[in-house]
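Colleague:
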Amino acid sequence: MLGLAPLRFASPPPRAAAAVSAAANGGHSWQYQPSPPTIQCSIENALTRITKLDRKELCLVGAGRTDTGVAHFTTPFSYHCLDSMHSAINGLLPHEIRVREISAARPEFHARTSTKSKIYHYKIYNGPVMDPFHNHYAYHSAYKLNSQAMREAAKHFVGTHDFTSFANAVHNDRVRSPIKKIVRFDVIEMGAMLQLEVEGTGFLYRQVRNMVALLLQVGKEALPPDIVAKIIAARDRKELAKVALSAPPHGLYLMSVNYDKEMLQPPEGAPHISFGRTHQISKFSEKQDHKFRPSSGIPAVFATA
1 MLGLAPLRFA SPPPRAAAAV SAAANGGHSW QYQPSPPTIQ CSIENALTRI
51 TKLDRKELCL VGAGRTDTGV AHFTTPFSYH CLDSMHSAIN GLLPHEIRVR
101 EISAARPEFH ARTSTKSKIY HYKIYNGPVM DPFHNHYAYH SAYKLNSQAM
151 REAAKHFVGT HDFTSFANAV HNDRVRSPIK KIVRFDVIEM GAMLQLEVEG
201 TGFLYRQVRN MVALLLQVGK EALPPDIVAK IIAARDRKEL AKVALSAPPH
251 GLYLMSVNYD KEMLQPPEGA PHISFGRTHQ ISKFSEKQDH KFRPSSGIPA
301 VFATA
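full-length UniProt numbering puts the last residue of the sequence shown at 305; the count rises by one with no breaks.
#1: Let me check one thing: in DSSP terms, what residues is H121 bridge-paired to?
#2: Shortest alpha-carbon distance to P248 belongs to which of C59, T164, H136?
#3: Determine the direct distance from the alpha carbon of K180 to that of R98, and round the result to whole angstroms.
#4: Would DSSP call F133 helix, strand or coil?
#5: Is DSSP giving S103 helix, strand or coil here?
#6: In angstroms, rounded to a whole number, what distance separates the CA positions of D67 and A23?
#7: Which word fits Y143, buried or exposed, when buried means at least 16 other C-beta atoms lie within 10 angstroms of its C-beta?
#8: Under 8 Å, do I124 and L194 count as touching if we go by C-beta distance?
#9: Determine which residues share a DSSP beta bridge with Y143 and list them.
#10: From the DSSP output, in three-state form, read off S274 for me.
#11: Assign D83 to one of three DSSP states: helix, strand, or coil.
#12: In the DSSP assignment, what are the bridge partners of D186?
#13: Distance check for N126 and S141, CA to CA, integer angstroms please.
#14: Can you tell me where the alpha helix (DSSP H) with T160 in it begins and where it stops?
#15: Just to confirm, are H156 and I232 a CB contact at a threshold of 8 Å?
#16: Going straight from the alpha carbon of A149 to that of D131, what length do you get?
#17: Excluding the 5 residues preceding and the 5 following E239 in the sequence, name in chain order all residues of the same chain whose CB lies nearer than 7 Å to its CB.
#18: Suppose contacts are defined by Cβ-Cβ distances below 8 Å. Is A167 in contact with T115 by that definition?
#19: Is R15 helix, strand or coil by DSSP?
#20: Quick one: Cα of A46 to Cα of F275, how far?
#21: Between the C-alpha atoms of N172 and V218, what's the straight-line distance to the nearest angstrom?
#22: In the DSSP assignment, the alpha helix (DSSP H) including C41 goes from what residue to what residue?
#23: What do you reckon, are the CB atoms on I50 and I102 nearer than 8 Å?
#24: Could you compute how far the alpha carbon of V198 sits from the alpha carbon of I182?
#25: Exposed or buried, which one is M190 when buried takes at least 16 other CB atoms within 10 Å?
#26: Take Y259 and list the residues in its own chain whose beta-carbon comes closer than 7 Å to its own, dropping the five residues that flank it on each side.
#27: Residues in its own chain within less than 7 Å of A213 by CB, not counting five upstream and five downstream?
#28: Alpha carbon to alpha carbon, what distance is there between V129 and A192?
#29: So residue 337 is in the alpha helix (DSSP H); what residue range does that whole segment cover?
Right, here's the structure in full:
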């Protein structure tokens, strides 16, 4: 059993950045929701059990709403126990959610507002019969898609535009500018799999899935490639709804969240990044008995029982 005595800080508490992954077939989204539990809820529950702090004190924030990405939270523990904290968190999470990395972060680091760009992938299995191994991880289109037409259409997304036509309304959410910059939008063929890769400085709610939905209609040759420019210019979500519905979520992946190098520099004196590796236990000497004794390097805030 692992326990951690709650700590309080008079000054701003230390902050940690974490890389999080979740299996698409787990049906998980990020944003807090107790039932069914989301990724944020599951991680907060684990941190609450370990730190004895409530969710408001933890201040867990994710980089996006999808099933994988970067998060930050305040850390009521020494930076020198990141490895132990990493193992404890994963030990309490459902098996389809994992924290891959944890590192010390600067006080001004923010998982969402500090982003420079994000890269999303959307996978489309374009074969007559769906491969069962991809069933939960890619959208299936039995209709042969015209990938070249999709590439031509995707070019119209690149640049700075008002993407109002591609944003779903979100209740009780902060108003965000619809002006976003798309750095690149590639359509890559990998056998029967089509991988759509889009990089941008920011995205509106369901923007990527709505862009993919329109490209699918172009790929089916139901619409010409220049329809993208016309829908963007309309700045009206209803115009997109006339020709395409949102693509399903299970093909979408947040692959990378990019930050300025300066923002990722850890605080002075902070230790290495924890990748969750198992540390090798040195052999006992002949003079030692065979009872396990915690190493003196384990922080005092952790106790075993």
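Ideal placement from N, C-alpha and C gives every residue a C-beta, glycine not left out.
All figures in this text were calculated on a predicted structure; none of them were measured in a lab.
Modeller: Taking the coordinates as given:
#1: One-based indexing of the sequence shown puts residue 121 at position 121. Answer is E197, Y253.
#2: Numbered from its first residue, the sequence shown carries residue 248 at position 248. Checking every option, the nearest Cα to that of P248 belongs to H136.
#3: Residue numbering aside, residue 98 sits at position 98 when the sequence shown is read from its first letter. Residue numbering aside, residue 180 sits at position 180 when the sequence shown is read from its first letter. Roughly 30 Å separates the two Cα atoms.
#4: The sequence position of residue 133 within the sequence shown is 133, counting from 1. In the structure shown, F133 sits in a helix (DSSP, three-state: H, G or I).
#5: As a working mapping, residue 103 is identified with position 103 in the sequence shown. S103 falls in the strand class under three-state DSSP.
#6: In the sequence shown, counting from the first residue as 1, residue 67 sits at position 67. In the sequence shown, counting from the first residue as 1, residue 23 sits at position 23. Because D67 sits at a pLDDT of 49, beneath the cut-off of 50, its placement in the model cannot be relied upon, and the following sentence gives the value as read from the coordinates. Cα to Cα, the separation comes out at about 7 Å.
#7: Counted from its first residue, the sequence shown places residue 143 at position 143. So Y143 counts as exposed.
#8: Along the sequence shown, read from residue 1 onward, the residue named residue 124 stands at position 124. Along the sequence shown, read from residue 1 onward, the residue named residue 194 stands at position 194. Yes, the Cβ-Cβ distance between I124 and L194 is below 8 Å.
#9: Here residue 143 corresponds to residue number 143 of the sequence shown, with the count starting at 1. Looking at the DSSP output, Y143 shares a beta bridge with no other residue.
#10: Along the sequence shown, one-based indexing puts residue 274 at 274. Three-state result, S274: strand.
#11: Counting from one through the sequence shown, the residue named residue 83 turns up at place 83. Three-state DSSP puts D83 in a helix.
#12: The residue labelled residue 186 in the question sits at position 186 within the sequence shown. According to DSSP, which records beta bridges pairwise, D186 is partnered with E197.
#13: The residue you call residue 141 lines up with position 141 of the sequence shown. The residue you call residue 126 lines up with position 126 of the sequence shown. Each residue's alpha carbon lies about 5 Å from the other.
#14: Counting from 1 along the sequence shown, the entry for residue 160 is found at position 160. That residue, T160, is in no alpha helix (DSSP H); its beta strand (DSSP E) goes 159–162.
#15: Position 156 of the sequence shown, counted from the start, is the residue given in the question as residue 156. Position 232 of the sequence shown, counted from the start, is the residue given in the question as residue 232. A contact, by the Cβ cut-off of 8 Å.
#16: Working through the sequence shown from its first residue, we reach residue 149 at position 149. Working through the sequence shown from its first residue, we reach residue 131 at position 131. Rounded to the nearest angstrom, the two C-alpha atoms are 25 Å apart.
#17: Residue numbering aside, residue 239 sits at position 239 when the sequence shown is read from its first letter. In the same chain as E239, and ignoring 5 residues on each side of it, the C-beta atoms closer than 7 Å to its own belong to S165, I231, in chain order.
#18: Walking along the sequence shown from the start, residue 167 turns up at place 167. Walking along the sequence shown from the start, residue 115 turns up at place 115. Cβ distance not < 8 Å, so A167 and T115 don't count as in contact.
#19: As a working mapping, residue 15 is identified with position 15 in the sequence shown. Correct three-state label for R15: strand.
#20: Along the sequence shown, read from residue 1 onward, the residue named residue 46 stands at position 46. Along the sequence shown, read from residue 1 onward, the residue named residue 275 stands at position 275. Roughly 18 Å separates the two Cα atoms.
#21: One-based indexing of the sequence shown puts residue 172 at position 172. One-based indexing of the sequence shown puts residue 218 at position 218. Residue confidence for N172 is low, a pLDDT of 49 falling below 50, so the modelled location carries little weight; the figure read from the coordinates is stated next. Using only the alpha carbons, I get a separation of about 34 Å.
#22: By one-based count along the sequence shown, residue 41 stands at place 41. C41 -> alpha helix (DSSP H) spans 39–51.
#23: Position 50 of the sequence shown, counting from 1, holds the residue named residue 50. Position 102 of the sequence shown, counting from 1, holds the residue named residue 102. No, Cβ-Cβ distance for I50 and I102 is not below 8 Å.
#24: Residue numbering aside, residue 198 sits at position 198 when the sequence shown is read from its first letter. Residue numbering aside, residue 182 sits at position 182 when the sequence shown is read from its first letter. Going by the C-alpha atoms only, they are around 7 Å apart.
#25: Locating residue 190 in the sequence shown gives position 190, counting from the first residue. Answer is exposed; the Cβ neighbour count stays below 16.
#26: For the purposes of this step, residue 259 is taken as residue 259 along the sequence shown, with counting starting at 1. Taken in chain order, the residues that qualify are S114, T115, K116.
#27: Numbered from 1 along the sequence shown, position 213 holds the residue referred to as residue 213. A244, L245, S246, A247.
#28: To locate residue 192, count along the sequence shown from 1; it is residue 192. To locate residue 129, count along the sequence shown from 1; it is residue 129. Each residue's alpha carbon lies about 10 Å from the other.
#29: Given that the chain is displayed from residue 1 to residue 305, the structure contains no residue 337 and the question cannot be resolved.
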